[in-house]
Amino acid sequence: MITRRDVMELGAGAALTLSAGGVLHAQPGSARSVGYAVVGLGKLSLGQILPALKATKNAHLAALVSGKPEKARKVAAQYGLPESAIYTYENFDSIAKNPAIQVVYVVLPNAMHADFTIRAFKAGKHVLCEKPMAVSLEECERMIAAGKAAKRQLMIAYRCQYEPVNVTAMQMMRKGAVGTPRLVNAVMGKQTDLSDPSDVWRLDRTMSGGGALADMGIYGINATRYLLAEEPVDVRGWARTDKSDPRFRTVDDMVAWQMRFPSGAIGEGSSCFSQPGTMAWQVVGSERRMVADPACFYGGNGIRILGGKNDPQPQIAEIDQFGNEMNWFADVIHGRAPNVSPGEEGLQDMRIMHAIMQSLAQGGQTVAIESSYRRAYDPATAVGIRTAV
Ligand code: NAD
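Residue 329 in my numbering sits at position 329 of the sequence shown, with consecutive numbering throughout.
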């Protein structure tokens with residue numbers, strides 16, 4: 001059983017991530033700070049990534065890549081970038097000649113991830129690519145191969161694998177905080193709106209690769225895997241979609257799944273595009289439950305341990321998850337931190353989502369996950385180790 005001391009240490013370790021980011025801090029423009037080209041100026045870039053880059057010490061904004069010149073000029077002016085640091089989707093490949101760019105951060109609709117990742121590798125840059133990695137397994141494999149051929153790093157932007165609440169949960173799970181894990185339940189969803197351009201492509205199968213499952217279900221699948229520290233052997237899924245709803249012409253609305261793990265644990269979950277914003281998971285173990293609700297929001301996440309008497313509850317400091325992730329990747333490039341979420345990790349979630357989609361097409365039949373994938377680094381220890389640097 002996990003002790004109060006363990007919790008305090010783990011909580012403190014997680015909080016330390018905050019300052020551990022500072023251990024390796026460098027000033028923007030110095031040899032240690034990594035220049036990022038951000039591709040796509042949509043909601044995530046404008047709302048989270050660019051502000052985070054401004055405050056991040058190991059990484060700085062070096063270029064913008066956009067299909068909208070007016071918007072790009074306005075954003076460049078706001079962030080003090082010269083016009084020469086603005087690229088279009090067409091002249092993007094000329095970033096090869098710009099040594100101020102070391103990383104390309106792909107923040108585009110999912111169907112555009114593979115193309116820009118592979119072009120970035122051809123230009124000799126490292127790539128941080130948003131989740132889901134791509135829209136097909138074949139694209140994921142090409143992205144991984146292109147990174148290897150270019151001898152450059154590919155990291156998938158699974159911010160929760162670097163985030164103190166989720167990392168603390170993983171550490172507590174490894175120490176047996178719930179006893180033997182029996183069930184992980186993950187509920188991910190939000191309300192979508194066809195008048196929002198950011199939702200239009202999410203509701204388009206070709207652009208998103210699979211609606212709510214690809215957009216939000218992926219968090220639940222990824223969390224189940226990192227909480228249990230094992231890989232599923234098979235999966236089955238069901239969908240419930242109101243086909244008269246104009247939002248769901250090409251994608252399913254609610255998809256629910258069950259996965260079986262070698263230990264005997266079951267991972268179940270759902271993703272849905274017609275419910276209030278929800279990103280929650282819980283682990284049911286033989287002795288306790290661990291509940292995180294919210295678990296994966298940009299802020300306000302937390303864990304509760306339920307089922308015992310006077311169980312200590314971890315208090316975990318918040319961080320800027322996007323700044324932390326970009327700092328981490330800067331350190332990966334400098335060889336100071338492991339790549340905890342490489343392309344292979346993104347491919348594994350894609351495999352599972354594709355097996356769920358196959359099961360939907362086969363009326364809920366169980367589909368085997370054909371993969372020998374094992375993580376190279378467990379975030380519970382890899383991210384924890386770095387906090388002690
Ligand atoms: P968004 O729609 O707000 O932005 C997408 C950008 O791509 C826009 O600037 C748009 O102009 C541009 N674009 C170029 N070609 C386009 C086309 N054919 N159709 C639509 N847009 C096109 O999306 P977003 O919410 O910023 O998401 C971008 C990526 O980031 C997605 O892969 C998404 O899954 C991911 N994301 C991750 C998180 C996270 O927490 N890690 C959160 C939100 C989004």
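Ideal Cβ placement from N, Cα and C applies to all residues, glycine included. All values derive from a computational prediction rather than experimental measurement.
- Taking C-alpha positions only, residue 157 is separated from residue 338 by approximately 14 Å.
- For residue 96, same chain residues with a beta-carbon under 7 Å away, outside a window of 5 residues either side, are 123 and 124 in chain order.
- For residue 140, the enclosing alpha helix (DSSP H) covers residues 137-150.
- Take the alpha-carbon of residue 43 and the one of residue 238: they are about 30 Å apart.
- Between residue 120 and residue 107, the C-beta spacing is not below 7 Å.
- Between the C-alpha atoms of residue 173 and residue 164 there is a straight-line separation of about 14 Å.
- Just measuring C-alpha positions, the residue of 232, 255, 229 and 230 sitting nearest residue 241 is 255.
- Taking a contact as a CB-CB distance under 8 Å, the pair residue 281 and residue 220 counts as one, their CB atoms being some 6 Å apart.
- At a threshold of 6 Å, residue 198 counts as near the ligand NAD, since its beta carbon sits closer than that to one of the ligand's heavy atoms.
- Distances from the CB of residue 166 to the heavy atoms of the ligand NAD are all 6 Å or more.
- Rounded to the nearest whole angstrom, the C-alpha separation of residue 167 and residue 379 is 7 Å.
- With a minimum length of 3 residues, the unbroken runs of beta strand (DSSP E) contained wholly in the segment 216-261 fall at 234-240 and 254-260.
- Under the three-state reduction of DSSP output, residue 374 falls in the coil class, being neither helix nor strand.
- The DSSP-derived three-state label of residue 281 is strand.
- In terms of Cβ geometry, residue 275 and residue 189 form a close pair [threshold 7 Å].
- In this structure, 212 is the residue among 234, 212, 154 and 246 with its C-alpha nearest to the C-alpha of residue 277.
- Within the model, the alpha-carbon separation for residue 342 versus residue 366 is close to 28 Å.
- Only residues of its own chain outside the window of five on either side were considered, and among them 165, 294 and 295 have a CB closer than 6 Å to the CB of residue 301, listed in chain order.
- At the C-beta level, residue 247 and residue 359 stay beyond 7 Å of one another.
- In this structure, DSSP gives residue 159 a helical state, which the three-state scheme calls helix.
- Distances taken from the Cβ of residue 269 to the heavy atoms of the ligand NAD include none shorter than 6 Å.
- Excluding the 5 residues flanking it on each side, residue 52 has same chain C-beta neighbours closer than 6 Å at 320, 322 and 323, in chain order.
- Going by beta carbons, residue 65 and residue 49 fall outside the 7 Å limit.
- Distances taken from the Cβ of residue 130 to the heavy atoms of the ligand NAD include one shorter than 6 Å.
- In the structure shown, the three-state DSSP call for residue 133 is coil.
- Per the coordinates, the alpha-carbon of residue 187 lies some 23 Å from the alpha-carbon of residue 176.
- Per DSSP, residue 90 lies in no beta strand (DSSP E) and is assigned neither H nor E.
- Residues of the same chain with a CB within less than 6 Å of the CB of residue 284, apart from the 5 flanking positions on each side, are 182 and 183 in chain order.
- By the criterion of a C-beta distance shorter than 7 Å, residue 349 is surrounded in its chain by 132, 218, 221 and 222, once the five residues flanking it on both sides are discounted.
- Taking the Cα positions, residue 98 is about 20 Å away from residue 149.
- Rounded to the nearest whole angstrom, the C-alpha separation of residue 243 and residue 372 is 37 Å.
- For residue 112, there is no enclosing alpha helix (DSSP H), as DSSP marks it with neither H nor E.
- Taking the Cα positions, residue 155 is about 26 Å away from residue 203.
- The beta-carbon distance between residue 134 and residue 234, rounded to whole angstroms, is 23 Å. This is too long to meet the 8 Å contact definition.
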